[in-house]
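Chemist: Numbering (our numbering), first residue to last: 1 to 361.
The beta carbon of each residue, even a glycine, is placed where N, CA and C say it ideally should be.
Handing you a structure now.
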Amino acid sequence: MKKSLAILLASLLLLGTISLAGAETATVFDPALVEAAQADGELTVYASCEEAYMNAAADGFQALFGITVNRQRLSTGEVAAKIEEENGNPSADVWFGGTTDPYNETAAKGLLEAYDAKNAVHLMSDLYRDKDGYWYGIYKGILGFMVNTEEIDRLGLDIPLDWDDLLKPEYKGLIWLSNPNTAGTAKLVINTMVQMKGHDAAMAYFKLLDENIGQYTKSGSGPSKMVGPGECVVGIGFLHDGITQILAGYDNIQLVLPASGTSYEVGATAIFKGAKHSNAARLWIEYALSPECVNLAKTAESYQFLVIDNAIQPEEATQFGLDPNNTIEYDFEDAKANTSKYVEDFFAAIGAAADDRFKTE
1 MKKSLAILLA SLLLLGTISL AGAETATVFD PALVEAAQAD GELTVYASCE EAYMNAAADG
61 FQALFGITVN RQRLSTGEVA AKIEEENGNP SADVWFGGTT DPYNETAAKG LLEAYDAKNA
121 VHLMSDLYRD KDGYWYGIYK GILGFMVNTE EIDRLGLDIP LDWDDLLKPE YKGLIWLSNP
181 NTAGTAKLVI NTMVQMKGHD AAMAYFKLLD ENIGQYTKSG SGPSKMVGPG ECVVGIGFLH
241 DGITQILAGY DNIQLVLPAS GTSYEVGATA IFKGAKHSNA ARLWIEYALS PECVNLAKTA
301 ESYQFLVIDN AIQPEEATQF GLDPNNTIEY DFEDAKANTS KYVEDFFAAI GAAADDRFKT
361 E
């Protein structure tokens, strides 16, 4: 019954007679691909976005097409390590969410499947896709700081306004960053400093910054979740994660866009090489590049800027003064070629690879 209903719904979509998720015109999905995907019967998703968005997207796909969606939330580093270990026999079909640097590392190892997505025509820029079709962007997040204003005032400190401010000795133990071994967010921070300062200056910067880091969290969003409660005073991460916390009731959080500049993530989606449900995986990519999927983000506490031209941008991001274009020109090719080496250099520079501040759970 569920499959028959899904086929009917897909037919209506193809006729353009209904619209979903607030879109003026419903997305047209290829009926042959829908039928083949439904024959697969199920799909397994590893998601590196927040769990609420993972569930909203997976439930939406399941309701729309009648395909059972198994899902698990893992950090980008966890996904990359798991897929590398499985070496072409992946336990999941697709990857959803999380910044692209780990996607590029995984693609370079031959563990992602190239796919020519039809809905990629709606991407706003070629920056939001891999040129060979190994991943496609679904959102854009701005890197910055989240500061607990109550704790800063209590300690009699100024709010850090730029990257170099974080090196001041008065912030010792007050700053949290994610673990580059498990979080794509930390990889982006490393690449950003290399691109803004140069390699050697960036590594010298991280050696000094490490003296002020209280904890390196497993997940990129980990610091943001502890700023409001005060366990973390200054969290480095994506500012949309800070918006989520503010809207959850933590009005003691201030968002800081670094004065000298910052970079951004492109949250992506991709198919794993050797996916067991390959047609369902291709349909997932088309779905992930549609308003039916990305418009669900803000209903699931995810306020990133969307990168497809027929989506509805979340008002929450601009209400907090964020501008998706107020960033450096991030060099994706350098990141693609060198992220793994830069992470190694980071640990060599700080000399603390076994430090118990680096969380993996």
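1) Which value, in whole angstroms, describes the spacing of the CA atoms of Y128 and E151?
2) Which class does T327 belong to by DSSP, given the choice of helix, strand or coil?
3) Taking only the alpha-carbon atoms, compute the straight-line gap between G156 and K172 and give it to the nearest angstrom.
4) Among I236, E292, T44, T318, whose alpha-carbon lies nearest the alpha-carbon of L188?
5) For my contact list, A120 and L257 are in at a C-beta cut-off of 8 Å; report their separation, rounded to the angstrom.
6) Per DSSP, what kind of secondary structure is R357 in: helix, strand or coil?
7) Enumerate in chain order the residues of its own chain whose CB-to-CB distance from F96 is below 6 Å, with the five nearest sequence positions on each side excluded.
8) Assuming L369 contacts Y216 (C-beta within less than 8 Å), just tell me the rounded distance between them.
9) Per DSSP, which one or two residues make a beta bridge with R73?
10) So for Y342, helix, strand or coil by DSSP?
11) Only counting runs of 4 or more residues, tell me where the alpha helix (DSSP H) segments fall wholly within the region 70 to 115, in order along the chain.
12) Going by DSSP in three states, G176 sits in which element: helix, strand or coil?
13) Between A281 and E211, what straight-line distance do the alpha-carbon atoms span, to the nearest angstrom?
14) Taking only three categories from DSSP, how would you classify Q62?
15) What is the DSSP secondary structure of Q304, counted as helix, strand or coil?
16) Taking the Cβ atom as the reference point for each residue, do T191 and T339 lie within a distance shorter than 8 Å?
17) Report back the beta-carbon spacing between T244 and Y303 to the nearest angstrom; my notes put them in contact at under 8 Å.
18) For V294, which residues from the same chain have a beta carbon less than 8 Å from its beta carbon, with the 5 sequence-adjacent residues on both sides left out?
19) Thinking C-alpha only, which one of E50, E42, A36 is nearest T299?
20) Per DSSP, what kind of secondary structure is E42 in: helix, strand or coil?
21) The beta strand (DSSP E) with K140 in it runs from where to where?
22) On a CA-only basis, which of A81, D241, W163, F61 is nearest L322? Give me that one, please.
23) Please check the pair H277 and D116, which I expect to be a contact at CB under 8 Å, by giving their CB distance rounded to whole angstroms.
24) Taking only the alpha-carbon atoms, compute the straight-line gap between V234 and N252 and give it to the nearest angstrom.
25) What are the boundary residues of the alpha helix (DSSP H) that includes G222?
26) Looking at P324: is its Cβ nearer than 8 Å to the Cβ of A297?
Modeler: Working from what's here:
1) Distance between Y128 and E151, taken at the CA atoms: about 38 Å.
2) The answer is coil: DSSP assigns T327 none of H, G, I, E or B.
3) Rounded to the nearest angstrom, the two C-alpha atoms are 14 Å apart.
4) Between L188 and the set I236, E292, T44, T318, the nearest pair of CA atoms involves I236.
5) For a cut-off of 8 Å, the C-beta gap from A120 to L257 is around 29 Å, too long to register as a contact.
6) When secondary structure is reduced to three states using DSSP, R357 falls in the coil class, being assigned neither helix nor strand.
7) The beta carbon of F96 sits closer than 6 Å to those of V45, A47, T269, all from its chain and outside the five residues before and after it, given in chain order.
8) Since the first and last residues shown for the chain are 1 and 361, residue 369 lies out of range.
9) Note: R73 sits in a beta bridge opposite A47.
10) Correct three-state label for Y342: helix.
11) Here the runs fully enclosed are 76 to 86, 100 to 108.
12) According to the sequence shown, residue 176 is Trp rather than Gly. In the structure shown, W176 sits in a strand (DSSP, three-state: E or B).
13) Between the C-alpha atoms of A281 and E211 there is a straight-line separation of about 44 Å.
14) Of the three classes helix, strand and coil, the one that applies to Q62 here is helix, per DSSP.
15) Under the three-state reduction of DSSP, Q304 is assigned to coil, being neither helix nor strand.
16) The sequence shown places Asn at residue 191, rather than the Thr named in the question. It is a contact, given that the beta carbons lie within the stated cut-off.
17) The beta-carbon separation of T244 and Y303, rounded to 6 Å, stays under the 8 Å limit for a contact.
18) Around V294, the same chain offers I138, Y139, A288, L306, I308, A311 as residues with beta carbons nearer than 8 Å, after the five sequence neighbours per side are excluded.
19) It is E50 whose Cα lies nearest to the Cα of T299.
20) Looking at E42 - three-state DSSP - the assignment turns out to be strand.
21) Element bounds for K140: 136 to 148.
22) The residue with the shortest Cα to Cα distance from L322 is D241.
23) 19 Å between Cβ atoms; not a contact.
24) Pairing V234 with N252, the inter-Cα distance amounts to about 12 Å.
25) Counting along the chain, the alpha helix (DSSP H) containing G222 begins and ends at 222 to 227.
26) For P324 and A297, no; Cβs fall outside 8 Å.
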